[in-house]
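So the sequence shown is residues 0 to 330, counted in the working numbering.
C-beta: ideal position from N, C-alpha, C; glycine also.
Some notes on the structure that comes next.
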Amino acid sequence: MNEMKKLLILLLYSQALFAQEKDFPPPGKMVEMGGYKMHYLEAGESKDGPTVIFFHGAGEIALHWNLVLPLVGEFAHAIAIDQNGEGWSEHGHGNSLIQQVYDSYQMLKEADIPEPYIIVGHSLGGILAHQFAVQYKSETAGLIFVDATHPDVVLKIFNRESETMEWKQMRLNAKKEIPAVSTDPVNPEREIASFKAKRDFGDQLEKFSKEDQQRFNWIYNERLWTYIKGQSSTYEAEIFQEMHEHYDQYDLGDIPLVVITGGKKKKPEGDENWSGKALRQHSRQLQKDFLKLSTNSQQIIAKKSGHSIHLDQPELIASVIKNMLMELAKD
Numbered sequence: 000m001n002e003m004k005k006l007l008i009l010l011l012y013s014q015a016l017f018a019q020e021k022d023f024p025p026p027g028k029m030v031e032m033g034g035y036k037m038h039y040l041e042a043g044e045s046k047d048g049p050t051v052i053f054f055h056g057a058g059e060i061a062l063h064w065n066l067v068l069p070l071v072g073e074f075a076h077a078i079a080i081d082q083n084g085e086g087w088s089e090h091g092h093g094n095s096l097i098q099q100v101y102d103s104y105q106m107l108k109e110a111d112i113p114e115p116y117i118i119v120g121h122s123l124g125g126i127l128a129h130q131f132a133v134q135y136k137s138e139t140a141g142l143i144f145v146d147a148t149h150p151d152v153v154l155k156i157f158n159r160e161s162e163t164m165e166w167k168q169m170r171l172n173a174k175k176e177i178p179a180v181s182t183d184p185v186n187p188e189r190e191i192a193s194f195k196a197k198r199d200f201g202d203q204l205e206k207f208s209k210e211d212q213q214r215f216n217w218i219y220n221e222r223l224w225t226y227i228k229g230q231s232s233t234y235e236a237e238i239f240q241e242m243h244e245h246y247d248q249y250d251l252g253d254i255p256l257v258v259i260t261g262g263k264k265k266k267p268e269g270d271e272n273w274s275g276k277a278l279r280q281h282s283r284q285l286q287k288d289f290l291k292l293s294t295n296s297q298q299i300i301a302k303k304s305g306h307s308i309h310l311d312q313p314e315l316i317a318s319v320i321k322n323m324l325m326e327l328a329k330d
């Protein structure tokens, strides 16, 4: 009887989800990944130069790149990927950042997206971009960080009493073992849990088309959010800890690197033990620290932007990408 109830609930859930998704089909392309599908947006056509790949930040989806994507599509082939379980991508093997990098790479291969790649990562997507560039260095033509997360930035806090930087509790709790990358087909008999998410976008989406605004609202406020029980961890603390301890292994050599940093940062989040001024200074130092990763690096300050440069100054990101392509064409 319990099995029958499970099957009935699964059937009803699938029917409800299917009815929802008929109204908001994937705006891009779906790629079969062996038991699940991944979604990506595309602009422009394959050209002689590198393909530009966009990684979104935590809590965002590929659609957040849709102000930058058409601009880049005018002069290059551009791809924005929905990570597993985000946007229109289905759940894959798990949510660890390392797994996301592997799955993104496999999706590019399955979709016949030609290398080499210029990888563009915003916020936590910068960690994905960095990991991608290190793991697939021979296929990476360039790297662009868009106010990217530094592996130390969420691991240290400023203690007002001692006036020193101290390790945050998140880092001290980084004791779980990072799971190995899974390359096997996904087992369809996974236990899926769901919940209703709500998000107030404020005026963040005003620059997007009406169609995209409706898609955002559906993804975040109308569609049931789902996750695989027991696989919700991204292992951020563990991966940041590993990167901190072995940062020399994340050197990019002479791969071109551009660090775009928001110039209008608001007070960082925190509690009474955090000093906003000290954290802003620490964050700026870490953004500069990125420049050490490559012998061919530069930093650009997005003076009109906060953290969401891809929404505030999409034309700046497109210009940086175009300049990188022009420089690569000279070699």
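Pull up the distance between the alpha-carbon of residue i and that of residue j, whole angstroms please.
i      : j      : result
Ile97  : Val145 : 20 Å
Ala18  : Pro24  : Since pLDDT at Ala18 reaches only 48, below the 50 mark, its modelled position is unreliable, and no value is offered.
Arg159 : Asp151 : Note that Arg159 scores 49 on pLDDT, short of 50, meaning its location in the model is unreliable; the coordinates nonetheless yield the value given after this. For Arg159 and Asp151, the distance between alpha carbons rounds to 19 Å.
Gly56  : Ile308 : 12 Å
Asp102 : Phe131 : 11 Å
Gln312 : Leu204 : 13 Å
Met323 : Leu107 : 21 Å
Phe289 : Glu244 : 16 Å
Ile316 : Asp199 : 26 Å
Gln280 : Lys287 : 11 Å
Ile300 : Ile259 : 6 Å
Leu127 : Asp22  : 31 Å
Val319 : Val71  : 10 Å
Ala328 : Asp250 : 23 Å
Ala79  : Lys206 : 18 Å
Would you say residue i and residue j are within 9 Å of each other, going by their C-beta atoms?
i      : j      : result
Val51  : Ile117 : yes
His149 : Leu285 : yes
Glu413 : Glu109 : No statement about residue 413 is possible, as the shown extent of the chain runs from 0 to 330 and does not include it.
Ala61  : Gly27  : yes
Leu68  : Phe54  : no
Leu66  : Leu310 : yes
Below 8 Å, is the gap between the Cβ of residue i and the nearest heavy atom of the ligand MN?
i     : result
Tyr35 : You won't find the ligand MN in this model; it holds no ligand whatsoever.
Quick check on DSSP: helix, strand or coil for residue i?
i      : result
Lys36  : strand
Gln312 : coil
Leu331 : Because the chain spans 0 through 330 in this model, residue 331 falls outside it and cannot be assessed.
His121 : strand
Gln298 : strand
Ser103 : helix
Lys303 : coil
Val319 : helix
Tyr219 : helix
Ile112 : coil
Val67  : coil
Ala42  : strand
Phe239 : helix
Quick check on this structure: which residue in the options has the alpha carbon closest to the alpha carbon of residue i?
i      : options                        : result
Glu114 : Glu241, Lys136, Lys263         : Lys136
Thr182 : Pro26, Gly33, Lys28, Gly27     : Gly33
Glu184 : Asn65, Lys28, Tyr35            : At residue 184 the sequence reads Pro, which differs from the Glu that was named. Checking every option, the nearest Cα to that of Pro184 belongs to Tyr35.
Tyr246 : His38, Phe74, Val133           : Val133
Gly125 : Glu314, Ile218, Glu326, His306 : His306
Leu75  : Trp64, Leu66, His63, Ala42     : The question names Leu, yet the displayed sequence has Ala at residue 75. Among Trp64, Leu66, His63, Ala42, the Cα nearest to that of Ala75 is on Ala42.
Tyr219 : Leu310, His63, Gln248          : His63
Gln82  : Phe239, His38, Ile112          : His38
Glu314 : Glu221, Glu73, Asn216          : Glu73
Ile238 : Arg283, Ile143, Gln99          : Gln99
His303 : Gly261, Glu326, Asp330, Lys321 : Reading off the sequence shown, one finds Lys at residue 303, where the question assumed His. Ranking the options by Cα distance to Lys303, first place goes to Gly261.
The stretch 293 to 309 / the stretch 250 to 265 touching (three or more Cβ pairs under 8 Å): yes
Three CB pairs or more closer than 8 Å across the stretch 87 to 95 and the stretch 41 to 49: no
Stretch pair the stretch 206 to 218 + the stretch 111 to 125: three plus CB contacts closer than 8 Å: no
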